[in-house]
Structure formats: C-alpha cells, structure tokens
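Engineer:
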Amino acid sequence: MPYPPLHISFLGTGTSSGVPMIGCGCEVCTSTDPKDNRLRSSILVSSDTSSLVVDTGPDFRQQMLREKVTKLDAVLLTHPHKDHLAGLDDIRAFNYWSQRSMEVYADALTEEAVRRDFYYAFSEKKYPGIPEMDLHTIGSESFIVGDIPVRPIQVWHLRMPVTGYRFGPVTYITDANRIEPAEKEKIRGSEVLVVNALRHEPHISHFTLEEAVALVQELGIPRAYFTHISHQLGLHQDVEASLPEGMHLAYDGLSISL
Ligand SMILES: [Zn+2]
Ligand SMILES: [Zn+2]
Ligand SMILES: [Zn+2]
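Using this note's numbering, the first residue of the sequence shown is number 39, and each one after it goes up by one.
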C-alpha cells in the first residue's frame, strides 16, 4: 500500500506502572536522566494531513499537552488493559475543538471493554460533555486513517489477543510475548519495528529484552526501538549501550521520520 511521509512520536515508553514507579527508590526511578522517566506506552503517528494515536493510557492528556497536539483523526486501541485504555475519556477535548466524534478502532474484545468501562458514552440519554466516539470493530482487514494506511497484526499477550499495527514501513507491537508465524510474515519487510521489551527476567506476558532482540534479528528488521519498559530493565544509558547495531531503547519524546 502506498504511504505518505510519516512521523512517529513516542508519547510514552513505560510499562503499566510508569517509570518512576510510585514508592520506588531504585536507581532507575531516582535517575536524573529524563530518558529514565517513562509515561505509559503510546505513539502518535502523523502525516502532513492526518494523525492518530495508538492507545490512550492514563497519561494521554499529559502526552497531548506535551506534544501540543491540536487535532487527532483517530484512536487505535491494542487491548483492554488499563495502561492502554483508561485515558480515553480525554478525547472530549478533541470532540470539543473538532465538533465531531472521535474515530476509535479496536478488536471485538477491546470494544466490549470500551462499552463497559465507558458505559456513559453509550447510554440512550447522554449528558452533555461526555466523550463522543464512533467505534469501528477491526479484524485482520487493512484500513486507512486519512492518508495513513493501517494493517492490523494479531499477537499474543499470554492468552489475550493484542492488536499490533503496521503503518507502511513501521510496525508497532506493544504487550506481546508470542507471535504466530503467519502474523510474523506481516511484520517482515518493515524498515522499523517498535516492540515491547519489559526487562531481562522472564515474564508471563511480555517479551524480555533478549527475546525482543532475537525477534528483530529473526525478522531481519534493520532498525528497532524497544518500548513498554520496566524500571527493572536498568538505566537507559547503560541498556542503550549494550544493544546490537540498529537497535535502541525508545524514550519519551523521541520522534522518527520515514
Ligand atoms: Zn501494557
Ligand atoms: Zn524503581
Ligand atoms: Zn497489557
């Protein structure tokens, strides 16, 4: 599918607790390096005319303010966990400025959670000022947001299906520890892979850094950024220096253009 020049901004690169984690005094949580401060994971994908976010976690409002986002065409959700979903109510500001509903794309499981957790947005009699959204249930079919092509990729977060997304040359996969061969083929040929790498120690539902590095190598992707990072992974500067060529730890505020 043809694609326009794309910009990817890392809005957040932290795991569910964020970094620093509340109450933690470890060297990462007390680091003075801004790259060790990680809001909950999300990216902004934009072209000259269109823009979308993948996930609206609890830090969504703060991320929109930091990046001075004034217009947003769509929200793409990956899965129903709260660190990816619970800032969704704050699309209200975009409703207000655009005077229209937000286009929200999600798989059936996530859509069910949105209808349950944000029930007031779907009630018959609506209060004024509630979030307005048009929910689109997605499967494996590609779709387009403005001029940004989107191809869903289904991955596994232990037993929960999670939607990864490919935007032309860039693939974004958060919260996964297993990808079936047919879905891996959809990632192959990407110029950039963004993938979760929680920490060094094994985890039941996330890739470790070592597993993420192996995935990038297996698929032959020339450039990769790791995200959804725990304070347990270590200091940004130390981990970054340990990575193979072409691989990087993402950090909040990083942006890349393709
Ligand atoms: Zn998560
Ligand atoms: Zn810590
Ligand atoms: Zn999750």
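Note that CB positions come from ideal geometry on N, CA and C, so glycine has one too.
What you are looking at is a predicted structure, and each value in this text was computed from that prediction instead of being measured.
1. Take the Cβ of Tyr143 as the centre, count every other Cβ of all protein chains shown within 10 Å, and call the residue buried at 16 or more, exposed below.
2. Looking at the secondary structure, which residues open and close the alpha helix (DSSP H) in which Ser280 lies?
3. Apply the 10 Å Cβ neighbour rule to Leu147 and answer buried if 16 or more other Cβ atoms are within range, or exposed otherwise.
4. State the CB to CB distance for the pair Leu77 and Leu49, rounded to an integer number of angstroms; the pair is presumed to be in contact (CB under 8 Å).
5. Tell me which residues share the same chain as Ile294 and place their Cβ nearer than 6 Å to its Cβ, disregarding the 5 neighbours each side in the sequence.
6. Name the two residues that bound the continuous alpha helix (DSSP H) containing His122.
7. Please go through the segment 151 to 233 and give each complete alpha helix (DSSP H) segment of 4 or more residues, from N-terminal end onward.
8. Decide if the segment 186 to 195 is in contact with the segment 156 to 175; the criterion is three or more beta carbon pairs, one per stretch, under 8 Å apart.
9. What's the call for Arg204, buried or exposed, on a 16-neighbour Cβ count within 10 Å?
10. Can you give me the C-alpha to C-alpha distance between Gly52 and Asp93, rounded to a whole angstrom?
11. Below 8 Å on the Cβ atoms is my contact criterion, and I expect Thr212 with Thr68 to pass it. Report the Cβ-Cβ distance as a whole number of Å.
12. Starting from Arg261, follow the beta strand (DSSP E) in both directions and report where the run begins and ends.
13. Roughly how many angstroms separate the alpha carbons of Phe156 and Ser280, rounded to a whole number?
14. Let me know the beta strand (DSSP E) ranges lying completely inside the segment 78 to 150, each 3 residues or longer, listed in chain order.
15. Beta-carbon separation of Glu229 and Val200 under 8 Å?
16. With Leu287 and His266 assumed to form a contact (beta carbons below 8 Å), what rounded beta-carbon distance in angstroms separates them?
17. For Val66, does the three-state DSSP call read helix, strand or coil?
18. If you measure between the beta carbons of Thr87 and Asp185, is that distance less than 8 Å?
19. Give the residues whose C-beta lies closer than 7 Å to at least one heavy atom of ligand 1, in chain order.
20. What is the rounded straight-line gap between the Cα of Gly258 and the Cα of Tyr134?
21. Between the C-alpha atoms of Tyr289 and Lys224, what's the straight-line distance to the nearest angstrom?
22. Can you check which of these residues, Ile182, Asp128, Pro166 and Gln270, is closest to Tyr85 by C-alpha distance?
Structural biologist: Well, looking at it:
1. As a working mapping, residue 143 is identified with position 105 in the sequence shown. It counts as buried.
2. As a first step, residue 280 is located in the sequence shown; it is residue number 242 there, counting from the start. Segment His274 to Ser280, the alpha helix (DSSP H) holding Ser280.
3. Your numbering for residue 147 matches position 109 in the sequence shown. Burial call: exposed.
4. If you number the sequence shown from 1, residue 77 lands on position 39. If you number the sequence shown from 1, residue 49 lands on position 11. Rounded, the Cβ-Cβ distance is 7 Å, consistent with contact.
5. In the sequence shown, the residue the question calls residue 294 occupies position 256. Result list for Ile294: Ile46, in chain order.
6. On the sequence shown, residue 122 is found 84 positions in, with the first residue counted as 1. That run of the alpha helix (DSSP H) goes Lys120 to Leu123.
7. Counting only runs of 4 or more, we get 219 to 225.
8. no
9. As a working mapping, residue 204 is identified with position 166 in the sequence shown. When all chains shown are included, Arg204 counts as buried.
10. For the purposes of this step, residue 52 is taken as the residue at position 14 of the sequence shown. For the purposes of this step, residue 93 is taken as the residue at position 55 of the sequence shown. The C-alpha of Gly52 lies about 13 Å from the C-alpha of Asp93.
11. One-based indexing of the sequence shown puts residue 212 at position 174. One-based indexing of the sequence shown puts residue 68 at position 30. About 26 Å; that fails the 8 Å criterion.
12. Mapped onto the sequence shown, residue 261 falls at position 223. Counting along the chain, Arg261 sits inside the beta strand (DSSP E) bounded by residues Arg261 to Thr265.
13. On the sequence shown, residue 156 is found 118 positions in, with the first residue counted as 1. On the sequence shown, residue 280 is found 242 positions in, with the first residue counted as 1. Going from the Cα of Phe156 to the Cα of Ser280 covers about 42 Å.
14. 80 to 84, 89 to 92, 112 to 114 and 140 to 144
15. Locating residue 229 in the sequence shown gives position 191, counting from the first residue. Locating residue 200 in the sequence shown gives position 162, counting from the first residue. Inclusion of Glu229 and Val200 in the CB contact set at 8 Å is not warranted, their separation being larger than that value.
16. On the sequence shown, residue 287 is found 249 positions in, with the first residue counted as 1. On the sequence shown, residue 266 is found 228 positions in, with the first residue counted as 1. So it is not a contact: roughly 11 Å between Cβ atoms.
17. Looking up residue 66 in the sequence shown gives position 28. Note: Val66 maps to coil in three-state DSSP.
18. In the sequence shown, residue 87 corresponds to position 49, counting from 1. In the sequence shown, residue 185 corresponds to position 147, counting from 1. Yes, Cβ-Cβ distance for Thr87 and Asp185 is below 8 Å.
19. Thr53, Ser54, Ser79, His119, Asp121, His122, Thr212, Asp213 and His266
20. Position 220 of the sequence shown, counted from the first residue, corresponds to residue 258. Position 96 of the sequence shown, counted from the first residue, corresponds to residue 134. Roughly 44 Å between the two C-alpha positions.
21. Working through the sequence shown from its first residue, we reach residue 289 at position 251. Working through the sequence shown from its first residue, we reach residue 224 at position 186. Distance between the alpha carbons of Tyr289 and Lys224 is about 26 Å.
22. Here residue 85 refers to the residue found at position 47 when the sequence shown is read from its first residue. Correcting the residue identity first, residue 85 is Ser in this sequence and not Tyr. Comparing Cα-Cα distances from Ser85 to each of Ile182, Asp128, Pro166 and Gln270, the minimum goes to Ile182.
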